[in-house]
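S.K.: Here you go, one structure.
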Amino acid sequence: MKVLFLGSYNNSEIVPAPVKVSKNIFENLKEYVSDIKFITYFEDGNRYTRRQKLFGNEYLSDSVYRMGIFPLIIFVVKYKPDIIHLTNATAFYLIIFLLKPFLGFKVIYTFHSIIKYYLKYYNRYSFYLRYRFLLIEKIVSKYSDQLFVLNKKEKRYVQRYYAVPSKRISVVDNGVTDIPIKKIYADNNDKTKIIFVGDWSKKEKGFDILLESLSIINREFLLTVCSANRVENFNDEIPSNVNLEILPPLDEIELRKIFAKNDLIVCPSRYESFGLALLEAMNAGLLFICSNTVGLAERLPLEFKPFLIAMNCPNKLKKIIEYFLRLSADERNIRSVIGKNFSQNFLWKRISVHYYSIYKELLKG
Numbered sequence: 176m177k178v179l180f181l182g183s184y185n186n187s188e189i190v191p192a193p194v195k196v197s198k199n200i201f202e203n204l205k206e207y208v209s210d211i212k213f214i215t216y217f218e219d220g221n222r223y224t225r226r227q228k229l230f231g232n233e234y235l236s237d238s239v240y241r242m243g244i245f246p247l248i249i250f251v252v253k254y255k256p257d258i259i260h261l262t263n264a265t266a267f268y269l270i271i272f273l274l275k276p277f278l279g280f281k282v283i284y285t286f287h288s289i290i291k292y293y294l295k296y297y298n299r300y301s302f303y304l305r306y307r308f309l310l311i312e313k314i315v316s317k318y319s320d321q322l323f324v325l326n327k328k329e330k331r332y333v334q335r336y337y338a339v340p341s342k343r344i345s346v347v348d349n350g351v352t353d354i355p356i357k358k359i360y361a362d363n364n365d366k367t368k369i370i371f372v373g374d375w376s377k378k379e380k381g382f383d384i385l386l387e388s389l390s391i392i393n394r395e396f397l398l399t400v401c402s403a404n405r406v407e408n409f410n411d412e413i414p415s416n417v418n419l420e421i422l423p424p425l426d427e428i429e430l431r432k433i434f435a436k437n438d439l440i441v442c443p444s445r446y447e448s449f450g451l452a453l454l455e456a457m458n459a460g461l462l463f464i465c466s467n468t469v470g471l472a473e474r475l476p477l478e479f480k481p482f483l484i485a486m487n488c489p490n491k492l493k494k495i496i497e498y499f500l501r502l503s504a505d506e507r508n509i510r511s512v513i514g515k516n517f518s519q520n521f522l523w524k525r526i527s528v529h530y531y532s533i534y535k536e537l538l539k540g
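Taking the working numbering, the leading residue of the sequence shown gets 176, the next gets one more, and so forth.
As structure tokens, then:
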């Protein structure tokens, strides 16, 4: 089996979730796929020239390359992949659909979010970008042989928006690296330490819901925000009972250490396809509260149902935080172990085995 990944790739330890996912899946699939390559594009317009985007060809490792359009075409023709897996969609990668009828490979596309749904509620783009993103999504939805989505709700969206039959859509998981860093809860009367991970300025992340909830609880909190977005007047929005600490994005080890120092991670997202940071926090034994719109929520064991926010409502979140505060250290540690054990179902090797099984079925069909 020959598999070619096309998408964003970065060797850095600190990368966006979609890049982290595709890198880990790619590396773990090497154990099962006899021949697998990864090609990324010259995406940064400020860094790369038009000539590079057309003709560039860089060797990043023995199986990872950065190519312009024409080297990509030549590579695909010579390599003759059985499967091309689009880990994210840009106009650059659409060229493969022109080659598909002649070379006979199968195409898989992974949705990290449903653009048509996202733009309906969280539009922050110009008309041109909206049209471009929607057109790309429509093309990959129509002409891919298999579509990967990260939760059941998004599967229904793809079926509704693009009339894709159910058998062409697979619900897949993101994964986690098992790191031996573990939160241990103890009884104390210190400030409750809460962590929020993500771009707080994006409406869909629900940071405003968290702040409003904390403001109506009679208790002091230390709130850590791990985000690339740092704004000078950020403190103007913080309630008086909240002490704020802002951290930049961290590598996996450092983030787990921060998780272990906190009491609770809160993910009040209005829209979140999976919730990778939430899964990583569970692997560190950190308890959580999240909205039921987070993709990971539909997979959670019954023990965590009391920690789900049904309506992204500040008052409902307040009640769940107060419920958490009433738990003893022993009760928290019991749930911490359950969360840690649950995260073991999502180790990258297991996720890669699932991908491989879908690849095999696709080639059979």
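Glycine included, C-beta positions come from ideal geometry on N, C-alpha and C.
Can you round the beta-carbon distance between ARG431 and ALA459 to whole angstroms, since I take them to be within the 8 Å contact cut?
M.R.: 5 Å
S.K.: Which of the three DSSP states, helix, strand or coil, is assigned to TYR234?
M.R.: Secondary structure at TYR234: strand, using DSSP grouped into helix, strand and coil.
S.K.: Run through the DSSP bridge pairs and tell me what ASN418 is partnered with.
M.R.: Partner(s): LEU397.
S.K.: Thinking just about the alpha-carbon of each residue, which of ILE270, SER345, ASN326 is nearest to the one in ASP320?
M.R.: SER345
S.K.: Compare the beta carbon distance of PHE217 and GLY231 with 8 Å and say whether it is the shorter of the two.
M.R.: yes
S.K.: Which residue's Cα is closest to the Cα of SER448: VAL469, SER209, TYR498, MET457?
M.R.: VAL469
S.K.: Please identify the residue among ILE428, ALA472, ASN418 whose C-alpha is closest to the C-alpha of GLU188.
M.R.: ILE428
S.K.: Does DSSP put TYR284 in a helix, in a strand, or in coil?
M.R.: strand
S.K.: From what residue to what residue does the beta strand (DSSP E) around ASP362 run?
M.R.: Element bounds for ASP362: n/a, residue is neither H nor E.
S.K.: Looking only at its chain, what residues have a beta carbon closer than 6 Å to the beta carbon of CYS401, apart from the 5 residues adjacent to it on each side?
M.R.: VAL372, LEU422, listed in sequence order.
S.K.: Go ahead and pull the three-state DSSP assignment for MET242.
M.R.: strand
S.K.: In its own chain, which residues sit with a C-beta less than 6 Å from the C-beta of ILE543, not counting the 5 before and 5 after it?
M.R.: Any question about residue 543 goes unanswered here, given that the chain covers just 176 to 540.
S.K.: According to DSSP, is LYS255 helix, strand or coil?
M.R.: coil
S.K.: Beta-carbon separation of PRO443 and GLY350 under 8 Å?
M.R.: no
S.K.: Quick check on the burial criterion: 16 or more other C-beta atoms within 10 angstroms. Buried or exposed for LYS358?
M.R.: buried
S.K.: According to the neighbour-count rule (16 or more other Cβ atoms, all chains shown, within 10 Å of its Cβ), is THR224 buried or exposed?
M.R.: Exposed: under 16 other Cβ atoms inside 10 Å.
S.K.: Identify, in the order they occur along the chain, each residue of the same chain with its Cβ nearer than 6 Å to the Cβ of PRO355, setting aside the five sequence neighbours on each side.
M.R.: For PRO355, same chain residues with a beta-carbon under 6 Å away, outside a window of 5 residues either side, do not exist.
S.K.: Beta carbon of PRO414, beta carbon of LEU389: below 8 Å?
M.R.: yes
S.K.: Could you give the first and the last residue of the continuous beta strand (DSSP E) run that contains PHE217?
M.R.: Careful: PHE217 lies outside any beta strand (DSSP E) and carries neither H nor E.
S.K.: Per DSSP, what kind of secondary structure is VAL178 in: helix, strand or coil?
M.R.: strand
S.K.: My guess is that ILE484 and LEU475 are in contact by the Cβ rule of under 8 Å, so how many angstroms apart are they, rounded?
M.R.: Their Cβ separation, rounded to whole angstroms, is 13 Å, which puts ILE484 and LEU475 out of contact at 8 Å.
S.K.: Measuring CB atoms only, is the segment 360 to 379 touching the segment 513 to 525, in the sense that at least three cross pairs come out at less than 8 Å?
M.R.: no
S.K.: Nearest by alpha-carbon distance to LYS313: which of TYR336, LYS295, ILE270, TYR207 is it?
M.R.: TYR336
S.K.: So what does CYS488 bridge to, in DSSP terms?
M.R.: The partner list for CYS488 (beta bridge, DSSP) is empty, contrary to what the question assumes.
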